[in-house]
Structures are given as structure tokens and as C-alpha cells.
Amino acid sequence: MDDDALHLLRIFVACEGRIRDMERALGVSYPTVKSRLAGLRETLGFGAEQARRKKAEPKPEEAPEPKTASDTIGRLERGEIDFDEAMRRLQG
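First residue of the sequence shown: 6, per our numbering; consecutive thereafter.
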């Protein structure tokens, strides 16, 4: 992950995923934030292939504990875990 992607991820976490807050923090427009987040999703491996696989994934209560940061971010995005739980897992 390059420095720009890591910076965007940090802003995302600090703003608790609120795009309007990210606009202010980054000094860019809403569409720019959405575009950058789409790029970050691709970087983390959450592309179109993941959308196709999502139907085959176990339900949240059956899902195993995430092993990587990208797994944790994915579970946060899908609403399977809350922000505090994601931070706990990311910080180790």
C-alpha cells in the first residue's frame, strides 16, 4: 500500500467512515472522496470479484475472525463489526 492510500485509510478511520468529514479533512469534493475510496477498495482487494463472491460468503455470525487488515476493513464496511471493534483488531 502506498503512502497516499495509507493516508486515506487513516482519514477514513479517523472520520469513522463519514464521507462529509473526509471531504473537510482532505479539502476535496464528495465525488473525489468517493473516487479515492473506490481506488482504496481496489488496492485492498475489494473489487468486482468480491461482489460476486459475497453471495457465497458465510453469514456474519458464521464468519471466521478476520486474519488481515483488509478482512477487518471489509467486515467494517459490510456492517459486521463496529468501528471500535475494527480499531481493536487493527491495533492488535
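Every residue gets a Cβ at the ideal spot worked out from N, C-alpha and C, and that includes glycine.
Annotation for T48: the continuous alpha helix (DSSP H) segment containing it runs Y35 to T48. The beta carbon of K39 lies closer than 8 Å to those of I24 in the same chain, with the five residues before and after it left out.
Taking the Cα of L45 as reference, the smallest distance to any Cα among G97, Y35 and L11 is reached at L11. Excluding its 5 nearest sequence neighbours in each direction, F51 has C-beta neighbours in its own chain below 7 Å: G79, listed in chain order. Taking C-beta atoms as the reference points, I16 and M27 count as a pair closer than 8 Å. Annotated as distal: M92 and V33, with beta-carbon spacing of 8 Å or more. Under the three-state reduction of DSSP, T77 is assigned to helix. The continuous alpha helix (DSSP H) containing D26 extends over residues I24 to L31.
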